[in-house]
Every structure is written in structure tokens, then in C-alpha cells.
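To convert, note that position 247 of the sequence shown is 317 in this note's numbering; the numbers rise steadily by one, no gaps.
For every residue, glycine included, the Cβ atom is placed at its ideal position computed from N, Cα and C.
Data first, discussion second: the structure below is written as C-alpha cells.
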Amino acid sequence: MKLIRSARALQRLVKEQRSAGLTVGLVPTMGALHQGHLDLVKRSASQCDVTIVSIFVNPLQFGKNEDLGSYPRRLKEDSILVEKHGASVVFAPNVHDMYEQNHQTYIYNNSVADLYCGAYRPGHFQGVLTVVAKLFLAAEPDRAYFGRKDYQQAWLIRKMVKDLNWNLRIVMVSTRRENDGLAMSSRNEYLSPEQRQSAVQVYQNLRQAKDDLQRGKSVSVVRKQIARKLKVVGADLQYFEVAERENLLAQKGKLKTDGKYVLLIAAYFGTTRLIDNLEI
Ligand code: AMP
Numbered sequence: 071m072k073l074i075r076s077a078r079a080l081q082r083l084v085k086e087q088r089s090a091g092l093t094v095g096l097v098p099t100m101g102a103l104h105q106g107h108l109d110l111v112k113r114s115a116s117q118c119d120v121t122i123v124s125i126f127v128n129p130l131q132f133g134k135n136e137d138l139g140s141y142p143r144r145l146k147e148d149s150i151l152v153e154k155h156g157a158s159v160v161f162a163p164n165v166h167d168m169y170e171q172n173h174q175t176y177i178y179n180n181s182v183a184d185l186y187c188g189a190y191r192p193g194h195f196q197g198v199l200t201v202v203a204k205l206f207l208a209a210e211p212d213r214a215y216f217g218r219k220d221y222q223q224a225w226l227i228r229k230m231v232k233d234l235n236w237n238l239r240i241v242m243v244s245t246r247r248e249n250d251g252l253a254m255s256s257r258n259e260y261l262s263p264e265q266r267q268s269a270v271q272v273y274q275n276l277r278q279a280k281d282d283l284q285r286g287k288s289v290s291v292v293r294k295q296i297a298r299k300l301k302v303v304g305a306d307l308q309y310f311e312v313a314e315r316e317n318l319l320a321q322k323g324k325l326k327t328d329g330k331y332v333l334l335i336a337a338y339f340g341t342t343r344l345i346d347n348l349e350i
């Protein structure tokens, strides 16, 4: 396992590997890895000769009052895990390796990035797209792997790649869930035992919402239902929206019978914000 700290060093290594005819897969993460992340690593290792896992808690994508300081960091354990699952390189730059002191250049999407999570986390997706672009330039991957769990993020990254004619393939991997349906997330560790029990409601409500919408209920009625049910278990709905998968724009009222949609949800359990989604 190679541990690389700077973009320059990674570029050098990848250049050698590519000139030896090897294909490169990149799995961007913020660490504190769980089985969901490892599914991405396994997929990359099965499709690419070299798998690079980046582990970087990107300050650009955190808001002022968010959990940047407390976000779990455990590079050593993470490196062992990814090696076991087929990665050969960990790229773990520190903030100063990643961003020049006077960093001024950003990537932003001026449409979908302001919806859903972006509406509540201003600048979040600009931070995500900027770091992902920098990772793509450092690792020059043939394929990069992202979880469907962060649906809007993966959608925006695909859009960036398409809009900029970037020559790589984005692979989206299914959401890994706990036995009771809760989507795995590094932030689940913040939940108290009671909150952890209630958190299963996020996915349960999505499944119920799917049935209700398909039976003809309107988005606003379903949204009110979800807010009420979450309130009962002490959680707060931040948003529930239904978006067309193609353009990620919100659908109001009832769904079209031939439409392809994704249900998007964010809710607070105490101070912990969880997101999930379900394609229908
Ligand atoms: P993060 O470390 O939270 O930035 O996540 C790194 C990558 O892992 C992102 O592409 C996420 O979408 C993906 N990921 C996170 N949780 C899951 C999950 N439960 N199942 C599948 N992929 C996930």
C-alpha cells in the first residue's frame, strides 16, 4: 500500500502506471470508512488495474456551523481496510497540500447545485465539485466511483464530467444499508442509541412515500405525512422532494405515470443530519 500526500507525487505515480498500460480507478472519500465505501473500492478493484482511494476531509464543502472539526478521522484503520478490499494507493493530502494558501479557483454548477441539499448548505456543492475536479486532475482516473447514497452529488459530478468533456467514466454504486434499512454513513456514529433506532424512519418513509405517490397522492400531501411521522420520533424533516432523474428538477403535484423519479430526503436527528433517496 502506497500512502501519497501531494497531488504532484500522485501525478508522477499515475503517469508511470499509465505508461505501463495500467488502468486507474479512483474512489474519493472523506474517510471513516464503512462497508458502503468499501463496496466502491471493491468495484474499482474489479474493473481497474490500480485503485486509488482518496481520504480527505474537504473544508471547502463544510458550512460555518457544520461538523468539519468533529468529523471522524482514522487514516491508519482506513488504509488497512482499503488495502484488504483491493486498493493499492491511498491519497491523503493535508489541507495545505490540497489548497494553495491563496486558492481562488472553483468549479460551480449554477443550477441544480442550489436545490435540495444545496439550498440548505450554500457553497457545499461548489466545494465538492472543486475538490473532485482537483482529484481527477491529480489521479487522472479511467473511472471514478461514487455512491448513489449522495444522489445529488453524484448527479452533479456526472454533469460536470459531461459539461467539461472530461475523458473518464463515472460509476455509480448502490447504497449499502444496515439490516434495518438505514443507509450507512460516517455520520451515523453521531447518533445516540435512541436516535439510531428512530433513524430507520428515513428509509421507511421513503418506501411508504413511493407507494403513496404511485397510488396518486401528491408530493405535498406525502411531504406533510413524512414531516408528521418524523416529528413523532423526535426528528425534523429538512426537505422531501421528488425530482425527475433526467434533469433533477422538482416535480410538483402528482407524478406522471411514465416518469422516472428520485425521492430525496434530509432530516435532523438532534444535530445529526441524515440524507437518503429512492429511485422510482
Ligand atoms: P464520503 O466519505 O461520505 O464523502 O463518501 C465517499 C463516497 O462513498 C461517496 O461517493 C458516497 O456517495 C459513497 N457512500 C457513502 N455512503 C455510502 C453508502 N451507504 N453506500 C454506498 N456508497 C456510499
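Point to revise | Closest by C-alpha distance to phenylalanine 339, when choosing among Asn249, Gly304 and Gln105 | key: For this step, residue 339 is matched to residue 269 along the sequence shown. Considering only Asn249, Gly304 and Gln105, the residue with the shortest C-alpha distance to phenylalanine 339 is Gly304.
Exercise for review: Look up methionine 71 in the DSSP assignment and say whether it is helix, strand or coil.
Suggested key: The count along the sequence shown starts at 1 and reaches residue 71 at position 1. The three-state secondary structure of methionine 71, taken from DSSP, is coil.
Review point. What is the DSSP secondary structure of leucine 333, reduced to helix, strand or coil?
Key: As a first step, residue 333 must be located in the sequence shown, where it is residue number 263. The three-state secondary structure of leucine 333, taken from DSSP, is strand.
Check your understanding: Taking 6 Å as the line, does the beta carbon of threonine 342 fall inside it for any heavy atom of the ligand AMP?
Key -> Counted from its first residue, the sequence shown places residue 342 at position 272. Using a cutoff of 6 Å, the CB of threonine 342 does not count as near the ligand AMP, since none of the ligand's heavy atoms is closer than that.
**Study point:** Any heavy atom of the ligand AMP within less than 5 Å of residue CB: hits in chain order
**Key:** So the residues near the ligand AMP by this Cβ test are Thr99, Met100, Gly106, His107, Phe216, Gly217, Lys219, Asp220, Thr245, Arg246, Ala253 and Met254.
Check your understanding: Closest by CA to valine 127, which one among Asn135, Leu145 and Leu73?
Key -> For this step, residue 127 is matched to residue 57 along the sequence shown. Looking at Asn135, Leu145 and Leu73, the one whose alpha-carbon comes closest to that of valine 127 is Leu145.
Review point. Hey, quick one: how far does the beta strand (DSSP E) through leucine 344 stretch, first residue to last?
Key: In the sequence shown, the residue the question calls residue 344 occupies position 274. Boundaries of the beta strand (DSSP E) around leucine 344: 342-349.
**Study point:** Residue range of the unbroken beta strand (DSSP E) whose run includes threonine 121
**Key:** Here residue 121 refers to the residue found at position 51 of the sequence shown. Note, threonine 121: beta strand (DSSP E), 120-125.
Review point. So what does DSSP say about alanine 108, is it helix, strand or coil?
Key: The sequence position of residue 108 within the sequence shown is 38, counting from 1. The displayed chain sequence assigns leucine, not alanine, to residue 108. DSSP places leucine 108 in helix when its eight states are reduced to three.
Review point. Taking the alpha helix (DSSP H) that proline 263 falls in, what are its first and last residues?
Key: Walking along the sequence shown from the start, residue 263 turns up at place 193. It spans 263-268 - the alpha helix (DSSP H) in which proline 263 sits, taken as one unbroken run.
Practice item. Rounded to whole angstroms, what's the CA-CA distance from lysine 301 to valine 120? Just pull it up for me. Key: Counting from 1 along the sequence shown, the entry for residue 301 is found at position 231. Counting from 1 along the sequence shown, the entry for residue 120 is found at position 50. So the two alpha carbons sit approximately 47 Å from each other.
**Study point:** Unbroken beta strand (DSSP E) run spanning aspartate 306, endpoints
**Key:** Stepping through the sequence shown from its first residue, residue 306 is reached at position 236. Element bounds for aspartate 306: 305-314.
Exercise for review: Ignore the nearest five residues each way along the sequence and tell me which others in alanine 320's own chain have a CB closer than 6 Å to its CB.
Suggested key: Residue 320 sits at position 250 when you count from the first residue of the sequence shown. Short of 6 Å from the beta carbon of alanine 320, and not among the five residues preceding or following it, lie these beta carbons of its own chain, in chain order: Glu311 and Ala313.
**Study point:** Supposed contact pair threonine 342 and glutamine 265 - C-beta distance, whole angstroms, cut 8 Å
**Key:** Reading the sequence shown from its first residue, position 195 is the one you call residue 265. Reading the sequence shown from its first residue, position 272 is the one you call residue 342. The pair is a contact, with the Cβ atoms about 7 Å apart (cut-off 8 Å).
Review point. Beta carbon of glycine 106, beta carbon of arginine 246: below 7 Å?
Key: Against the sequence shown, residue 106 aligns to sequence position 36. Against the sequence shown, residue 246 aligns to sequence position 176. Contact flag set, yes.
Exercise for review: Using the Cα positions of arginine 253 and isoleucine 74, report the straight-line distance between them to the nearest angstrom.
Suggested key: As a position in the sequence shown, residue 253 is number 183, starting the count at 1. As a position in the sequence shown, residue 74 is number 4, starting the count at 1. The amino acid occupying residue 253 in the given sequence is alanine; arginine does not appear at that position. Distance from the CA atom of alanine 253 to the CA atom of isoleucine 74, rounded to whole angstroms, is 30 Å.
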